[in-house]
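Working notes, beginning with the structure itself.
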Amino acid sequence: MGTVVYDRVALIGLGLIAGSMSLAMRKAGLAGEIVGHARSAETRDIAREIGLVDRITETAAEAVQDADLIVLAVPVGVMGAVAAEIAPHLKPGATVTDVGSVKQAVIEAVSPHIPAGVHFIPGHPLAGTEHSGPRSGFATLFRNRWWLLTPVGGSEPAAVERLAMLIRTMGANVEEMDAAHHDLVLAVTSHTPHLIAYTMVGVADHLKRITESEVIKYSAAGFRDFTRIAASDPTMWRDVFLQNKDAVLDILGRFTEELFVLQRAIRMGDGAHLHDYFTRTRAIRRGIIEAGQDTAAPDFGRSLTEPPGKS
Ligand code: NAP
1 MGTVVYDRVA LIGLGLIAGS MSLAMRKAGL AGEIVGHARS AETRDIAREI GLVDRITETA
61 AEAVQDADLI VLAVPVGVMG AVAAEIAPHL KPGATVTDVG SVKQAVIEAV SPHIPAGVHF
121 IPGHPLAGTE HSGPRSGFAT LFRNRWWLLT PVGGSEPAAV ERLAMLIRTM GANVEEMDAA
181 HHDLVLAVTS HTPHLIAYTM VGVADHLKRI TESEVIKYSA AGFRDFTRIA ASDPTMWRDV
241 FLQNKDAVLD ILGRFTEELF VLQRAIRMGD GAHLHDYFTR TRAIRRGIIE AGQDTAAPDF
301 GRSLTEPPGK S
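So the sequence shown is numbered by the UniProt record's numbering: it starts at 1 and just counts up by one.
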């Protein structure tokens with residue numbers, strides 16, 4: 001068992017990320033007590049039934065009472081409303097963090113509500129699956145994954161270090177990054193790829209020539225992987241695109257330009273162009289494997305990010 005880093009941790013939202021945090025903190029003995037709250041009675045009941053946290057509260061305000069660390073693990077579009085609700089109940093000296101996939105919009109929405117004497121340290125674990133809800137979490141989700149912190153001006157270094165220690169002990173690697181830079185990087189590495197996956201699955205769905213059963217039956221690696229990504233939570237992803245609008249539109253513009261160049265190479269029979277292009281992209285894939293963020297195994301590294309029994 002590790003050392004207790006925070007006596008009381010409050011998790012607002014009880015889905016994939018909060019659930020995985022609870023299980024990881026519990027496994028390593030990092031919190032004295034873990035209190036949780038989710039919006040719906042159904043989610044609270046499931047969390048209670050499976051013992052996801054030590055105590056469930058009916059309101060977010062009750063959950064943060066006397067908490068030393070508060071984690072906002074709700075869709076990015078509701079972070080501001082949740083922050084407003086809990087603000088009057090925060091203990092002086094407490095730390096509030098979030099796990100939202102977008103940082104600038106969350107900082108703008110949450111910061112104004114944080115009272116003086118409370119630390120706000122925004123964060124984003126680069127770890128996830130297409131599963132959501134209180135039953136989807138698992139203790140090893142963050143192992144060997146990045147967890148980016150985007151401290152706002154005036155974040156106390158000691159408070160940042162304490163949070164970083166908790167995250168590292170859950171198995172993740174911590175790095176600090178500027179929020180605007182974070183949003184651009186994630187638009188490239190996560191947000192736009194998700195939009196492309198949603199689009200590709202949508203295209204297949206619209207093609208009446210290819211019946212649904214054929215698409216599923218002959219689903220090869222490319223399309224199959226798109227469908228996995230396109231199964232991600234609709235609320236979470238709607239909010240990500242609305243809240244990281246500028247960066248996503250910037251990357252989509254670049255993507256469309258590249259796509260037209262490739263389209264033209266195909267039309268003109270320019271095999272040399274296609275070959276050069278694919279040679280460069282292959283090198284990027286090798287770099288990701290060398291960086292330990294995936295494996296070359298035919299399961300596309302899924303065993304690293306998902307619990308046994310989930311595929
Ligand atoms: P999730 O499994 O869908 O869980 C979201 C939780 O938020 C649910 O428990 C939901 O409660 C609760 N919630 C929604 N609105 C609420 C409100 N107004 N007040 C209180 N609780 C509310 O989502 P998740 O995957 O854990 O994502 C949570 C956050 O982590 C998001 O900001 C997302 O961008 C970020 N993130 C996700 C991933 C990923 O791959 N999934 C990775 C990194 C970061 P109900 O069930 O009652 O609706």
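The beta-carbon is built from N, C-alpha and C at its ideal position, and this holds for glycine as well.
6 Å CB neighbourhood of residue i in its chain, flanking five on each side removed
| i | result |
| --- | --- |
| Leu126 | Arg145 and Trp146 |
| Ala159 | Thr95 and His119 |
| Ile70 | Ala10, Val64 and Val96 |
| Leu166 | Val5 and Leu30 |
| His273 | Ala265 |
| Val215 | Ala204 |
Identified DSSP bridge partners for residue i
| i | result |
| --- | --- |
| Trp146 | Asn173 |
| Arg8 | Glu33 |
| Arg55 | Val35 |
| Val96 | Ile70 and Phe120 |
Residues near residue i by beta carbon distance below 7 Å, same chain, minus five either side
| i | result |
| --- | --- |
| Ala84 | His113 |
| Val240 | Val76, Ser101, Val102 and His191 |
| Ala180 | Gln104 |
Assigned secondary structure, residue i (DSSP; H/G/I helix, E/B strand, else coil)
| i | result |
| --- | --- |
| Leu69 | strand |
| His124 | strand |
| His273 | helix |
| His131 | coil |
| Asp205 | helix |
| Ser20 | helix |
| Lys27 | helix |
| Thr295 | coil |
| Ser213 | helix |
| Val152 | coil |
| Gly13 | coil |
| Tyr218 | coil |
| Val102 | coil |
| Ala139 | coil |
| Leu90 | coil |
| Ser190 | helix |
| Ile50 | coil |
| Thr199 | helix |
| Gly284 | Gly is not the amino acid found at residue 284; the sequence shown has Ile there. Of the three classes helix, strand and coil, the one that applies to Ile284 here is helix, per DSSP. |
| Ser40 | coil |
| Thr279 | helix |
| Asp45 | helix |
| Pro157 | helix |
Integer Cβ distance of residue i from residue j, believed to fall under 8 Å
| i | j | result |
| --- | --- | --- |
| Val64 | Arg162 | That belief does not hold up - the Cβ atoms of Val64 and Arg162 are roughly 17 Å apart, past 8 Å. |
| Thr281 | Ile289 | Thr281 to Ile289, Cβ: 13 Å. No contact. |
| Ile56 | Ala67 | No, Ile56 and Ala67 are not in contact; Cβ-Cβ is about 14 Å, not under 8 Å. |
| Met170 | Ala24 | 4 Å |
| Ala247 | Leu195 | Contact flag wrong, Cβ pair sits at about 12 Å. |
| Leu149 | Gly123 | 5 Å |
| Ala109 | Gly80 | 3 Å |
| Leu16 | Thr129 | 7 Å |
| Leu14 | Ala41 | 12 Å between Cβ atoms; not a contact. |
Other residues of its chain near residue i: CB distance less than 8 Å, five sequence neighbours each side excluded
| i | result |
| --- | --- |
| Asn173 | Asn144, Arg145, Trp146 and Trp147 |
| Ala87 | His113, Ile114 and Pro115 |
| Glu33 | Asp7, Arg8, Val9, Asp54 and Arg55 |
| Glu176 | Leu148, Leu149, Thr150, Pro151 and Val160 |
Whole runs of the alpha helix (DSSP H) within the segment 223-270, excluding any shorter than 4 residues: 234-243 and 245-268
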